[in-house]
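Chains as they are written, first to last, in our numbering: chain A, 251 to 705; chain Y, 11 to 626.
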């Protein structure tokens, strides 16, 4: 069953407004464990109830947001279950990503009003208080009934359906081998065959997930951070992109002490550009804060533009910046191309280098083109939207991908095929939830239709 | 006056009658022909994927099928040995003379159990409660409980070609009026169909054109009693052949003469067991279909052609059989036939297998729309246990989907119902990994003991086994090895990678290449293979087992949320109309069961739970 009252649920429980602190809330018996598994800070499973803790939410090694986490253990909570609230600071994109991370660690996206429903079912709210709320839940649930097939575009849903079709054939093949072990005329699904299929499937699913990431970009914009040493021309690049004098451009190193922002549209896609304080070791306290903030921006950015000075040799700070941004989507702008070349990047093995001239508009268009190129903005506009539309779908797809990886690991560990089948079936079910197909005898029906078995 | 009457002496009936009698309740087993008790009217084998595990479960609970199959073993084979432990299953070729003979012996020597020949044609009901049965000669026999295990005998008709004969299997007498009676009482009746292939005279087969299929070299038993009746050296073989182009031509040419394609069949046949004409038509691209020649008994010469069931007229069957390699001159001893029979809609049953319509009336086996000896026996045992528990005014035994294939089977029957005869398959079990051949006793023996079908002595043996498993597990977790040279040298020659840090032996055992024999290099493991096997399986598949247990736990939570029997679904606002209709029809007893009904969505479950809370 899809939505189980025993699941741990999560949702963003504040309105998605710009600049406000937003809260990701979880309820259910695994809440604390789930948050703890992606939290850098104290061991949350050991802290007292009703306490608040500082730390980071991480996806693997990547820091997503600096957060405050409130731990509230059952039963004195809103739902009477274990409740965790994560206060996120990083704006819409990182809050979404915090939610996605939580979802891929085992929580399920809450239905509308589900927290209140649980509070009621668990006897936390009395009947009169809940009457009105319940009516809303009832009507919402009915809507949900009708909305089984979500708002997926035809292309995405077809992609996933085709994908499931492939999986179904593989699964039915394995199942026939299990239930009819002496049917010799049937193809035996070997580990080699599964390995080969897995490779293809992982690639396809990766693509779907990747394109989905691009889709949140359509809705929420690309968070772009311009970073570099002081006085390499970051602000002037921002200004050129914005074509207005928003950042203060001066010749004195360290002018931009705070963060300057601006929005442009590229092919209709919002580009939220942030200019940062120049990175250098400094004793000036105000500037120091600015530098630290600049570095932390890197983690949250969808795109980093690293600016280097053509006229100067690569400094230690430059190297540091390059190192720190090496796993990000990145464009390297070599500015001041009109001055003598002293910069040598030849043995750095860097990609996406654009040269710009500080005083003219030279290089700005190639920069824009490069951004479009990196995010496949052309294709996003011209192709149909092939992506998953919400955090729930994205998290299901990621879980499906993880499940495929489990299968791969199982194969590597010499586990028998019927174990691998469990992971593949799990992938199949997760993808089924995305497209709203959860009929559980699907594979059996397919098996009997396509294999000639029986006594 | 009896406490229990069991109607029908097939695999369900035998288990049901033994269970109630062994639990001390005066029981009468009524059957058309005592000689036919525990007959195997179709294939001469017991077990197979999923089914073999059911036989183990029956044994763990204190039923008879496992022990009886061990006595009748002709060939023993563990299937899927190259796959994981969860899908391995035992299958025996069983002697069709010994099996019924031994079962009859057991029945006759059981206290509180009487056998009687007769055809039950009517139920005696008082105030929607069963009171006894009426035979065809109008004799009335009274009892507190009746268990119907009538198999394929309700209004059964044998079909070959355009010929239709009212009869049970092998020309046995059918029950003419009982299903009409059930209909009058409010039961929904389904018409189902199944079939059986020809039996061939062994001496007329040229075995040089066949491929021999032998049993395993080591003995196996279904029962945890572990008594070996057949020496592996004395096993009989089966033989593999394939249909020919000529066979397919004959079938296509005469297709309209078969009962099925001639339109003489009303019943719905099993999808997993199509007739040969079905295979040829539906899978026309296949050049051949495989058939097994299986001996039925050491005491007579009938050979069963597995895979060749048909409803063709006799003359066409002659042509078909003679087109098979090695069977050019085969003598047909019994012709194949299709059989149609009535069954009840199993959604009219409770999880205990008591009917919702008539109190104290239970049904089990093919009458509930299943097929297979093992499926029947499993239901029979549960119906018997629950009938006895009802007499004792105790709660019924309901096995959950994570506890037994029998639980999966019964839950599927009462929740989803059947369209075609239901067969258990491993893929029907979502917690397959937990429902293994090797751990049936660990799952179920406790229940068997509690209901009183497992003796104190056997229970104590079982307790020793579980304690040894715990001891060994603790021992392996507590014993740590460190990266000493001697140890790493040993590991490298296995070959396994050397240690970098100290680990427990249990952690070491998790490595795919490490066996318990390797562990015995470090400590003594003075336990039986069964005990060792449990530890090894748990270590190797821990991650998967944990996942399955976690999923199962969620399901169990939902099973504890009861739905009152008298709930009025019309009073619940906002339920989707399909869900409302299904819920009314099936009347699930728990939220868990409700959530498994197709057409009932999570949102409906939500609404239902809110309603129950509001009005509870």
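Built from N, CA and C at the ideal position, the CB exists for glycine as well.
Span of the beta strand (DSSP E) holding residue i?
{"i": "residue 361 (chain A)", "result": "Where residue 361 (chain A) is concerned, there is no enclosing beta strand (DSSP E), given that its DSSP letter is neither H nor E."}
{"i": "residue 551 (chain Y)", "result": "Premise fails: residue 551 (chain Y) is in no beta strand (DSSP E) and is neither H nor E."}
{"i": "residue 145 (chain Y)", "result": "139-145"}
{"i": "residue 633 (chain Y)", "result": "For residue 633 (chain Y) there is no data in the structure shown, the boundaries of chain Y being 11 and 626."}
{"i": "residue 312 (chain Y)", "result": "312-316"}
{"i": "residue 322 (chain A)", "result": "312-322"}
{"i": "residue 173 (chain Y)", "result": "173-176"}
{"i": "residue 305 (chain Y)", "result": "300-305"}
{"i": "residue 352 (chain Y)", "result": "347-354"}
{"i": "residue 261 (chain A)", "result": "259-262"}
{"i": "residue 556 (chain A)", "result": "553-559"}
{"i": "residue 458 (chain Y)", "result": "Looking at the DSSP string, residue 458 (chain Y) is not in any beta strand (DSSP E); the run it does join, the alpha helix (DSSP H), is 450-461."}
Measure how close the beta-carbons of residue i and residue j come, nearest whole angstrom, since I'm counting them as under 8 Å.
{"i": "residue 482 (chain A)", "j": "residue 585 (chain A)", "result": "6 Å"}
{"i": "residue 498 (chain Y)", "j": "residue 509 (chain Y)", "result": "6 Å"}
{"i": "residue 14 (chain Y)", "j": "residue 157 (chain Y)", "result": "7 Å"}
{"i": "residue 685 (chain A)", "j": "residue 411 (chain A)", "result": "6 Å"}
{"i": "residue 243 (chain A)", "j": "residue 314 (chain A)", "result": "The question about residue 243 (chain A) has no answer here: the residues shown for chain A are numbered 251 through 705."}
{"i": "residue 159 (chain Y)", "j": "residue 377 (chain Y)", "result": "7 Å"}
{"i": "residue 554 (chain Y)", "j": "residue 443 (chain Y)", "result": "6 Å"}
{"i": "residue 142 (chain Y)", "j": "residue 151 (chain Y)", "result": "5 Å"}
{"i": "residue 364 (chain Y)", "j": "residue 351 (chain Y)", "result": "22 Å between Cβ atoms; not a contact."}
Can a CB atom of chain Y be found closer than 8 Å to the CB of residue i?
{"i": "residue 672 (chain A)", "result": "yes"}
{"i": "residue 696 (chain A)", "result": "no"}
{"i": "residue 371 (chain A)", "result": "yes"}
{"i": "residue 669 (chain A)", "result": "yes"}
{"i": "residue 255 (chain A)", "result": "yes"}
{"i": "residue 400 (chain A)", "result": "A caution first: residue 400 (chain A) carries a pLDDT of 37, below 50, which makes its placement in the model unreliable, though a value can still be read off. Not an interface residue."}
{"i": "residue 367 (chain A)", "result": "yes"}
{"i": "residue 737 (chain A)", "result": "Summary: the structure shown does not reach residue 737 (chain A), with chain A confined to residues 251 through 705, and so no result is reported for it."}
{"i": "residue 666 (chain A)", "result": "yes"}
{"i": "residue 525 (chain A)", "result": "no"}
{"i": "residue 663 (chain A)", "result": "yes"}
Is residue i close to chain A, meaning its C-beta is less than 8 Å from at least one C-beta of that chain?
{"i": "residue 96 (chain Y)", "result": "yes"}
{"i": "residue 619 (chain Y)", "result": "yes"}
{"i": "residue 227 (chain Y)", "result": "no"}
{"i": "residue 254 (chain Y)", "result": "no"}
{"i": "residue 90 (chain Y)", "result": "yes"}
{"i": "residue 365 (chain Y)", "result": "no"}
{"i": "residue 361 (chain Y)", "result": "no"}
{"i": "residue 335 (chain Y)", "result": "no"}
{"i": "residue 623 (chain Y)", "result": "yes"}
{"i": "residue 149 (chain Y)", "result": "no"}
{"i": "residue 437 (chain Y)", "result": "yes"}
{"i": "residue 574 (chain Y)", "result": "no"}
{"i": "residue 10 (chain Y)", "result": "Nothing can be reported for residue 10 (chain Y), as the shown portion of chain Y is limited to 11 through 626."}
{"i": "residue 93 (chain Y)", "result": "yes"}
{"i": "residue 185 (chain Y)", "result": "no"}
Would you kindly report the start and end of the unbroken alpha helix (DSSP H) that includes residue i?
{"i": "residue 201 (chain Y)", "result": "Careful: residue 201 (chain Y) lies outside any alpha helix (DSSP H), inside the beta strand (DSSP E) at 199-206."}
{"i": "residue 472 (chain Y)", "result": "466-488"}
{"i": "residue 600 (chain Y)", "result": "Here residue 600 (chain Y) belongs to no alpha helix (DSSP H), and DSSP marks it neither H nor E."}
{"i": "residue 258 (chain Y)", "result": "255-263"}
{"i": "residue 616 (chain A)", "result": "614-624"}
{"i": "residue 275 (chain A)", "result": "Counting along the chain, residue 275 (chain A) falls outside any alpha helix (DSSP H), though it belongs to the beta strand (DSSP E) covering 272-277."}
{"i": "residue 332 (chain Y)", "result": "324-332"}
Legend entry - Selection of the segment 526-556 of chain Y by Cβ proximity to chain A, strictly under 9 Å: 550, 551, 553 and 554
Legend entry - Members of the segment 416-431 of chain A near chain Y, C-beta cut-off 7 Å: 425, 428, 429 and 431
Inset, instruction - Select from the segment 601-624 of chain A all residues with a C-beta closer than 9 Å to any C-beta belonging to chain Y, and list them in chain order. - result: none
Legend entry - Completely contained alpha helix (DSSP H) runs for the segment 88-150 of chain Y, where each covers 4 or more residues: 108-118
Legend entry - Residues in the segment 25-59 of chain Y having any Cβ partner in chain A nearer than 7 Å: 53 and 59
Legend entry - Interface positions of the segment 434-448 of chain A facing chain Y (Cβ-Cβ less than 9 Å), listed along the chain: 434 and 435
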